[in-house]
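> In our numbering, the protein residues as written are 20 to 520.
C-beta atoms are modelled at their ideal positions from N, C-alpha and C, and glycine is treated no differently.
The structure's right below; bear with me while I get my questions together.
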Ligand code: C2O
Ligand code: CU
């Protein structure tokens, strides 16, 4: 009896001991990842490499007067981290792609060749164009095949971009290196010429992407990375020769939200957003860009100085746990600006840049449709993307107001193809001034409701849909995407072509 009881006691002690070890172990792992999750490279980056400048894509004008570009997706190797080789993908090169540039009023034709061994697409993010030319998941291009979309540029001067959009694999294809800038000019618009506009001199593409690497330099295709590359350059510096510098900043990252500012906290002017120039320059010390968004800023430079473009901790509006693991505690040194001793004077910034979006300033009866989109759990309105399902039918030339609600406990954003929209309110308030121009992507912290005004014009097609989706690429890949068709008055939706090809 006594012996039985002491054996039982020994067993209980054993179990308690093992249980305690497990608890301590788990707590240790949690604490370790809690404290190591934030990434902070401020003051740690030796800026040793000149910033790579994506070349301007060459083009020809064909017999029909169309501006013709050639773009090939290909595999390669790049030295992304100094001294290591990474297997990469790029357009017309090993990593990223050339900057395409065209003017309002021109017809462009892009001869795309898929030189990869997987099917992909090229989507023109921010572009107003027919759905069949959009390069979404329905315009898949098989390995070795070509695709030649053509459309007329008819929208204001803007910083757009292009990237693959294969359903379920966008994050993978973008992270391997397929992305590039597409700059639109408007020769009839005086403001864009009054801003710094010499490409690579005082008008600089700044494609910001975070990456992570394994020990041998292999590129990991994940969500958040601990290394920030600009135009594919690690630790980049830029020699500045002018008193004003225009940076066209594109967040081409899979999931990361940046909160850009300068290392000495100086003010800069935000002059453009996704769809073009703002109504007027906005003086700011910080600019938040979520994945897919663009911001054009003008920085005033003093002779001989060095100042760093930095990303400060972004306010993601999430709880303390998500804040640490979604990058809310991360800081990065992004790009060092090195001023020459003698700087060329720059024109003063115009006070007025572009007409403000005015979609709902027209007669109120023009607003015909109200739609609500709820973002929750990688679904939009409770549904996951289905390539064969049309989710919304929009009548052409109709002003719509969309209410977009993030009811999730993580952040999302919403990107809409084909249109640039006007942000009416965020949580009932007028949007911040840097959201006062045309937008194609809007950031939504948890619990945020945005109201947008949109108007789809020119192109109708009952069968070929445009996409709307979260631009956190894993969310998009997991189905946080919906399909809309734009139809003529009285027309009903057709059905998307059989998958992909
Ligand atoms: Cu930048 Cu639908 O994508
Ligand atoms: Cu999302």
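#1: When the Cα atoms are used, what is the spatial distance from residue 322 to residue 79?
#2: In or out: residue 30 buried (at least 16 other Cβ within 10 Å) or exposed?
#3: Tell me which same chain residues have a C-beta within less than 6 Å of the C-beta of residue 519, skipping the five on either side of it?
#4: Ends of the alpha helix (DSSP H) at residue 494?
#5: Hey, would you say residue 205 sits closer than 9 Å to residue 305, going by beta carbons?
#6: Tell me residue 92's beta-bridge partners as DSSP assigns them.
#7: Closer than 5 Å from C-beta to any heavy atom of ligand 2: which residues, in chain order?
#8: Looking at residue 404 and ligand 1, is the gap between the Cβ and the nearest heavy atom below 8 Å?
#9: Rounded to whole angstroms, how far is the Cβ of residue 256 from the Cβ of residue 419, which I believe are closer than 8 Å?
#10: If you run the structure through DSSP and keep just helix, strand and coil, what is residue 154?
#11: Any heavy atom of ligand 1 closer than 8 Å to the Cβ of residue 147?
#12: Under a three-way DSSP split, which group does residue 121 fall into?
#13: DSSP state of residue 100, grouped into three classes?
#14: Less than 8 Å separating the Cβ of residue 180 from some heavy atom of ligand 1?
#15: Can you confirm whether the region 257 to 267 touches the region 345 to 361 when touching is taken to mean that 3 or more C-beta pairs between the two stretches lie within less than 8 Å?
#16: Could you name the residues of the same chain whose beta carbon sits closer than 8 Å to that of residue 371, not counting the 5 residues immediately before and after it, in chain order?
#17: If we count the other Cβ atoms within 10 Å of its Cβ and call it buried at 16 or more, is residue 27 buried or exposed?
#18: Opposite residue 170 in the DSSP bridges: which residues?
#19: Helix, strand or coil: how does DSSP classify residue 65 here?
#20: Smallest Cα separation from residue 222: which of 237, 316, 133, 147?
#21: The alpha helix (DSSP H) with residue 397 in it runs from where to where?
#22: Among the residues of its own chain, which have a CB less than 8 Å from the CB of residue 416, if the five just before and after it don't count?
#23: Using three-state DSSP, classify residue 253 as helix, strand or coil.
#24: Look up residue 1 in the DSSP assignment and say whether it is helix, strand or coil.
#25: Could you spell out the range, first to last residue, of the beta strand (DSSP E) harbouring residue 302?
#26: Are the CB atoms of residue 213 and residue 362 nearer to each other than 9 Å?
#27: Nearest by alpha-carbon distance to residue 507: which of 188, 130, 480 is it?
#28: Determine the burial state of residue 514: buried for a count of at least 16 other Cβ atoms within 10 Å of its Cβ, exposed for fewer.
#29: With DSSP collapsed to three states, give me the class of residue 177.
#30: Taking the C-alpha atoms as reference points, what is the distance between residue 249 and residue 495?
#31: Do residue 117 and residue 226 have their CB atoms nearer than 9 Å?
#32: Is residue 157 close to ligand 1? I mean its beta-carbon at under 8 Å from any heavy atom of the ligand.
#33: Within the same chain, show all residues whose beta-carbon is closer than 7 Å to that of residue 195, passing over the 5 residues directly before and after it, in chain order.
#34: Identify which residue in 175, 439, 465 has its Cα closest to the Cα of residue 471.
This is what the structure holds:
#1: 40 Å
#2: exposed
#3: In this predicted model, residue 519 has a pLDDT of only 46, less than 50, meaning its place in the structure is not dependable enough to derive any value.
#4: 492 to 496
#5: no
#6: 110, 133
#7: 431, 489, 491, 494
#8: no
#9: Rounded, the Cβ-Cβ distance is 46 Å, inconsistent with contact.
#10: coil
#11: no
#12: strand
#13: coil
#14: yes
#15: yes
#16: 210, 298, 299
#17: exposed
#18: 127
#19: coil
#20: 316
#21: From DSSP, residue 397 is part of no alpha helix (DSSP H); its letter is neither H nor E.
#22: 474, 475, 476
#23: strand
#24: Lying outside 20 to 520, the shown extent of the chain, residue 1 is not represented and no answer is given.
#25: 295 to 303
#26: no
#27: 480
#28: exposed
#29: strand
#30: 24 Å
#31: no
#32: no
#33: 107, 108, 238, 240
#34: 439
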